[in-house]
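Down below is the structure, laid out as C-alpha coordinates.
In my numbering, the protein residues as written are -7 to 249.
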(Lines of atoms letter the chains of each structure in order from A and count residues from 1; the text may use other names and numbers.)
(Lines give C-alpha, C1' and ligand atoms only; values in the text may rest on other atoms or scores of the structure.)
Protein backbone atom coordinates (compact mmCIF):
# COMPACT_ATOMS: atom_id res chain seq x y z
CA UNK A 1 0.00 0.00 0.00
CA UNK A 2 1.36 3.43 -0.90
CA UNK A 3 2.02 6.12 1.70
CA UNK A 4 -0.93 8.15 0.41
CA UNK A 5 -3.22 5.12 0.69
CA UNK A 6 -2.05 4.46 4.24
CA UNK A 7 -2.70 8.13 4.95
CA UNK A 8 -6.33 7.81 3.84
CA UNK A 9 -6.81 4.69 5.94
CA UNK A 10 -5.19 6.37 8.93
CA UNK A 11 -7.43 9.40 8.63
CA UNK A 12 -10.50 7.20 8.44
CA UNK A 13 -9.45 5.31 11.57
CA UNK A 14 -8.65 8.56 13.37
CA UNK A 15 -12.11 9.89 12.53
CA UNK A 16 -13.60 6.93 14.39
CA UNK A 17 -11.03 6.91 17.14
CA UNK A 18 -11.39 10.55 18.06
CA UNK A 19 -14.84 9.72 19.34
CA UNK A 20 -13.16 7.83 22.17
CA UNK A 21 -10.76 10.58 23.15
CA UNK A 22 -11.16 13.39 25.66
CA UNK A 23 -9.05 14.92 28.38
CA UNK A 24 -11.74 13.92 30.87
CA UNK A 25 -12.01 10.24 29.93
CA UNK A 26 -12.31 7.92 32.92
CA UNK A 27 -11.58 4.60 31.23
CA UNK A 28 -9.15 3.03 28.78
CA UNK A 29 -10.36 1.46 25.54
CA UNK A 30 -8.96 -1.07 23.12
CA UNK A 31 -10.44 -1.94 19.74
CA UNK A 32 -9.28 -4.44 17.15
CA UNK A 33 -10.43 -4.91 13.61
CA UNK A 34 -9.46 -4.65 9.96
CA UNK A 35 -9.04 -2.01 7.28
CA UNK A 36 -8.71 -2.01 3.51
CA UNK A 37 -7.81 0.42 0.75
CA UNK A 38 -8.49 -0.11 -2.94
CA UNK A 39 -6.50 2.24 -5.15
CA UNK A 40 -4.87 1.98 -8.59
CA UNK A 41 -6.91 -1.19 -9.15
CA UNK A 42 -5.13 -2.88 -6.25
CA UNK A 43 -6.61 -3.85 -2.88
CA UNK A 44 -4.58 -4.04 0.30
CA UNK A 45 -5.99 -5.35 3.58
CA UNK A 46 -4.51 -4.99 7.04
CA UNK A 47 -5.19 -5.74 10.68
CA UNK A 48 -5.86 -2.91 13.08
CA UNK A 49 -5.60 -2.34 16.80
CA UNK A 50 -6.50 0.87 18.56
CA UNK A 51 -5.67 1.78 22.16
CA UNK A 52 -7.01 4.91 23.87
CA UNK A 53 -6.04 6.37 27.24
CA UNK A 54 -7.24 9.86 28.20
CA UNK A 55 -5.80 12.28 25.60
CA UNK A 56 -3.58 9.69 23.89
CA UNK A 57 -4.19 7.08 21.24
CA UNK A 58 -2.10 4.38 19.61
CA UNK A 59 -3.05 2.77 16.34
CA UNK A 60 -1.14 -0.34 15.17
CA UNK A 61 -1.33 -1.54 11.57
CA UNK A 62 0.10 -4.69 10.02
CA UNK A 63 0.16 -5.01 6.23
CA UNK A 64 2.27 -7.05 3.83
CA UNK A 65 4.37 -8.33 6.71
CA UNK A 66 5.32 -4.84 7.95
CA UNK A 67 4.18 -3.15 11.16
CA UNK A 68 3.46 0.53 11.70
CA UNK A 69 2.24 2.51 14.69
CA UNK A 70 0.66 5.96 14.97
CA UNK A 71 0.87 7.71 18.35
CA UNK A 72 -1.55 10.63 18.78
CA UNK A 73 -1.38 13.17 21.60
CA UNK A 74 -4.12 15.79 21.76
CA UNK A 75 -2.37 17.86 24.43
CA UNK A 76 0.72 18.41 22.28
CA UNK A 77 -1.34 18.19 19.05
CA UNK A 78 1.24 15.82 17.61
CA UNK A 79 1.22 12.47 15.85
CA UNK A 80 4.22 10.15 15.65
CA UNK A 81 4.57 7.78 12.70
CA UNK A 82 6.58 4.68 13.63
CA UNK A 83 8.05 2.19 11.15
CA UNK A 84 9.03 -0.86 13.22
CA UNK A 85 11.06 -2.46 10.44
CA UNK A 86 13.21 0.64 9.95
CA UNK A 87 13.10 1.46 13.69
CA UNK A 88 12.25 5.10 12.96
CA UNK A 89 9.78 7.58 14.50
CA UNK A 90 8.68 10.75 12.68
CA UNK A 91 6.88 13.39 14.77
CA UNK A 92 4.43 15.75 13.02
CA UNK A 93 1.83 18.30 14.02
CA UNK A 94 -1.92 17.74 13.85
CA UNK A 95 -2.60 21.35 12.92
CA UNK A 96 -0.35 21.86 9.91
CA UNK A 97 -3.09 22.92 7.52
CA UNK A 98 -5.93 25.38 7.72
CA UNK A 99 -9.45 24.06 7.58
CA UNK A 100 -10.87 23.69 4.06
CA UNK A 101 -13.98 25.54 2.88
CA UNK A 102 -16.42 23.30 4.73
CA UNK A 103 -19.30 25.63 3.86
CA UNK A 104 -19.32 24.07 0.39
CA UNK A 105 -19.67 20.54 1.76
CA UNK A 106 -22.85 18.67 0.85
CA UNK A 107 -23.51 16.04 3.52
CA UNK A 108 -26.45 13.62 3.67
CA UNK A 109 -26.77 10.69 6.09
CA UNK A 110 -29.82 8.44 6.33
CA UNK A 111 -30.57 5.39 8.55
CA UNK A 112 -31.27 2.07 6.82
CA UNK A 113 -32.90 0.44 9.86
CA UNK A 114 -30.26 -2.30 10.06
CA UNK A 115 -28.19 -2.86 13.21
CA UNK A 116 -25.21 -4.93 14.32
CA UNK A 117 -23.64 -5.39 17.80
CA UNK A 118 -20.06 -4.51 18.78
CA UNK A 119 -19.49 -5.49 22.41
CA UNK A 120 -22.12 -3.55 24.33
CA UNK A 121 -22.60 -1.07 21.48
CA UNK A 122 -25.53 -1.28 19.05
CA UNK A 123 -24.23 -0.06 15.70
CA UNK A 124 -26.82 1.37 13.32
CA UNK A 125 -26.20 1.43 9.58
CA UNK A 126 -26.49 4.71 7.65
CA UNK A 127 -26.02 5.58 4.00
CA UNK A 128 -23.58 8.43 3.55
CA UNK A 129 -23.33 10.82 0.60
CA UNK A 130 -21.06 13.86 0.56
CA UNK A 131 -19.38 16.08 -1.99
CA UNK A 132 -17.21 19.19 -1.94
CA UNK A 133 -15.30 21.20 -4.56
CA UNK A 134 -11.57 21.25 -3.82
CA UNK A 135 -8.70 23.06 -5.53
CA UNK A 136 -6.28 20.58 -7.13
CA UNK A 137 -3.36 22.14 -8.91
CA UNK A 138 -4.71 24.68 -11.40
CA UNK A 139 -8.24 23.27 -11.46
CA UNK A 140 -11.18 22.65 -9.17
CA UNK A 141 -12.32 19.06 -8.68
CA UNK A 142 -15.52 18.00 -6.96
CA UNK A 143 -14.82 15.02 -4.72
CA UNK A 144 -17.85 12.75 -4.21
CA UNK A 145 -17.90 10.33 -1.29
CA UNK A 146 -20.56 7.61 -1.09
CA UNK A 147 -21.01 4.52 1.06
CA UNK A 148 -22.09 3.30 4.48
CA UNK A 149 -21.19 4.13 8.06
CA UNK A 150 -22.21 2.32 11.26
CA UNK A 151 -22.71 4.39 14.42
CA UNK A 152 -23.74 3.76 18.02
CA UNK A 153 -25.72 6.89 18.90
CA UNK A 154 -26.44 5.92 22.53
CA UNK A 155 -23.06 4.70 23.79
CA UNK A 156 -22.25 5.97 27.29
CA UNK A 157 -18.81 7.07 26.05
CA UNK A 158 -20.43 10.00 24.22
CA UNK A 159 -20.58 11.99 27.47
CA UNK A 160 -16.78 12.11 27.39
CA UNK A 161 -16.71 14.08 24.12
CA UNK A 162 -17.13 17.69 25.23
CA UNK A 163 -13.44 18.57 25.90
CA UNK A 164 -12.25 16.93 22.69
CA UNK A 165 -14.96 18.52 20.56
CA UNK A 166 -13.52 21.92 21.48
CA UNK A 167 -10.28 20.86 19.78
CA UNK A 168 -11.86 19.17 16.76
CA UNK A 169 -14.13 22.12 15.97
CA UNK A 170 -11.23 24.56 15.95
CA UNK A 171 -10.99 26.00 12.44
CA UNK A 172 -7.35 25.06 11.85
CA UNK A 173 -7.60 21.50 13.18
CA UNK A 174 -6.66 18.91 10.58
CA UNK A 175 -7.12 15.31 11.71
CA UNK A 176 -4.81 13.81 9.11
CA UNK A 177 -1.04 13.67 8.92
CA UNK A 178 0.11 15.93 6.07
CA UNK A 179 3.47 15.30 4.46
CA UNK A 180 5.69 18.40 4.76
CA UNK A 181 6.13 20.16 1.42
CA UNK A 182 3.30 18.26 -0.26
CA UNK A 183 -0.26 19.29 -0.98
CA UNK A 184 -3.02 17.46 0.86
CA UNK A 185 -4.93 15.13 -1.49
CA UNK A 186 -8.47 16.36 -2.31
CA UNK A 187 -10.14 13.20 -0.99
CA UNK A 188 -8.29 13.62 2.32
CA UNK A 189 -9.64 17.16 2.70
CA UNK A 190 -13.19 15.96 2.10
CA UNK A 191 -12.83 12.99 4.45
CA UNK A 192 -11.52 15.35 7.12
CA UNK A 193 -14.65 17.50 6.86
CA UNK A 194 -16.99 14.50 6.73
CA UNK A 195 -15.32 13.29 9.92
CA UNK A 196 -16.27 16.53 11.63
CA UNK A 197 -19.92 15.97 10.76
CA UNK A 198 -19.83 12.39 12.07
CA UNK A 199 -18.24 13.30 15.40
CA UNK A 200 -21.39 14.63 16.96
CA UNK A 201 -23.63 11.83 15.71
CA UNK A 202 -22.29 8.76 17.50
CA UNK A 203 -19.45 6.31 18.03
CA UNK A 204 -18.08 5.02 14.72
CA UNK A 205 -18.15 1.21 14.49
CA UNK A 206 -17.32 0.80 10.80
CA UNK A 207 -17.14 2.62 7.48
CA UNK A 208 -17.11 1.61 3.82
CA UNK A 209 -16.81 4.55 1.42
CA UNK A 210 -15.83 5.13 -2.19
CA UNK A 211 -14.45 8.32 -3.74
CA UNK A 212 -15.45 9.60 -7.19
CA UNK A 213 -14.30 12.74 -8.95
CA UNK A 214 -16.12 15.28 -11.09
CA UNK A 215 -14.52 17.98 -13.23
CA UNK A 216 -13.26 18.79 -16.71
CA UNK A 217 -9.52 19.19 -16.24
CA UNK A 218 -6.67 16.67 -16.57
CA UNK A 219 -6.47 15.99 -12.82
CA UNK A 220 -10.18 15.14 -12.61
CA UNK A 221 -9.85 12.92 -15.69
CA UNK A 222 -6.90 11.05 -14.17
CA UNK A 223 -8.70 10.63 -10.82
CA UNK A 224 -11.80 9.19 -12.51
CA UNK A 225 -9.65 6.40 -13.92
CA UNK A 226 -8.17 5.55 -10.49
CA UNK A 227 -11.10 5.33 -8.02
CA UNK A 228 -10.38 4.83 -4.33
CA UNK A 229 -12.36 2.80 -1.81
CA UNK A 230 -11.60 2.79 1.92
CA UNK A 231 -13.08 0.48 4.54
CA UNK A 232 -12.66 -0.01 8.28
CA UNK A 233 -14.49 -2.27 10.73
CA UNK A 234 -13.86 -2.82 14.42
CA UNK A 235 -14.47 -6.41 15.57
CA UNK A 236 -13.72 -6.48 19.31
CA UNK A 237 -13.99 -3.90 22.10
CA UNK A 238 -12.43 -4.10 25.60
CA UNK A 239 -11.80 -1.77 28.55
CA UNK A 240 -8.52 -3.24 29.77
CA UNK A 241 -6.23 -0.80 31.62
CA UNK A 242 -3.33 0.42 29.47
CA UNK A 243 0.19 1.29 30.61
CA UNK A 244 1.69 4.68 29.75
CA UNK A 245 4.54 2.86 28.01
CA UNK A 246 2.09 1.76 25.30
CA UNK A 247 2.06 5.37 24.06
CA UNK A 248 5.83 5.92 24.12
CA UNK A 249 8.32 5.64 21.26
CA UNK A 250 10.26 2.35 21.67
CA UNK A 251 13.78 2.68 23.03
CA UNK A 252 16.55 2.77 20.42
CA UNK A 253 14.36 4.12 17.60
CA UNK A 254 15.67 7.03 15.51
CA UNK A 255 13.47 10.13 16.01
CA UNK A 256 12.92 12.87 13.43
CA UNK A 257 10.82 16.00 13.91
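Think of the CB as a built atom: it goes at the ideal place given N, C-alpha and C, for glycine as much as any other residue. Values in this document were obtained by computation on a predicted structure and should not be read as measured data.
| Query | Result |
| --- | --- |
| Suppose the cutoff is 6 Å on Cβ atoms and the five residues either side in sequence are ignored; what does the same chain contact list for residue 132 look like? | 125 |
| How would you label residue 235, buried or exposed, when you count the other beta carbons within 10 angstroms and need 16 or more for buried? | exposed |
| Residue 112: buried (16+ other C-beta within 10 angstroms of its C-beta) or exposed? | exposed |
| At the level of alpha carbons, what is the spacing between residue 142 and residue 237? | 32 Å |
| Considering Cα atoms alone, identify which of 221, 145, 54 is closest to residue 205. | 221 |
| Using only the alpha-carbon positions, how far apart do residue 243 and residue 37 sit? | 29 Å |
| State the Cα-Cα distance for the pair residue 213 and residue 207, rounded to the nearest angstrom. | 7 Å |
| I believe residue 25 touches residue 226 by the beta-carbon criterion, under 8 Å. Please report the beta-carbon distance rounded to the nearest angstrom. | 4 Å |
| If the criterion is Cβ atoms closer than 9 Å, does the pair residue 245 and residue 35 meet it? | no |
| The ligand GDP and residue 206: does the residue's C-beta get closer than 8 Å to at least one heavy atom of that ligand? | For the ligand GDP, the structure offers nothing, since it holds no ligand at all. |
| How long is the line joining the alpha carbons of residue 189 and residue 55, rounded to whole angstroms? | 29 Å |
| Taking 9 Å as the cut-off, decide whether the C-beta atoms of residue 195 and residue 40 are in contact. | no |
| Just verifying my parser: in three-state terms, what is the DSSP assignment at residue 230? | strand |
| Ordered along the chain, which non-local residues of its own chain (more than five positions away) have a Cβ less than 6 Å from that of residue 215? | 205 |
| Between residue 178 and residue 135, which are expected to be in contact by the criterion C-beta below 8 Å, what is the C-beta distance as a whole number of angstroms? | 5 Å |
| Which residue marks the beginning of the beta strand (DSSP E) containing residue 181, and which one marks its end? | Here residue 181 belongs to no beta strand (DSSP E); instead the alpha helix (DSSP H) covers 178 to 191. |
| Would you give the residue range spanned by the alpha helix (DSSP H) that residue 110 belongs to? | Not the alpha helix (DSSP H): residue 110 falls in the beta strand (DSSP E), residues 98 to 110. |
| Going by C-alpha to C-alpha distance, which of 228, 122, 240 sits closest to residue 102? | 122 |
| Given that a residue counts as buried once 16 or more other Cβ atoms are within 10 Å of its Cβ, and exposed if not, what is residue 74? | buried |
| The alpha helix (DSSP H) that contains residue 32, what's its start and end? | Premise fails: residue 32 is in no alpha helix (DSSP H) and is neither H nor E. |
| At the level of alpha carbons, what is the spacing between residue 77 and residue 59? | 7 Å |
| Using three-state DSSP, classify residue 214 as helix, strand or coil. | helix |
| Looking at the secondary structure, which residues open and close the beta strand (DSSP E) in which residue 67 lies? | Run containing residue 67: none; DSSP gives neither H nor E here. |
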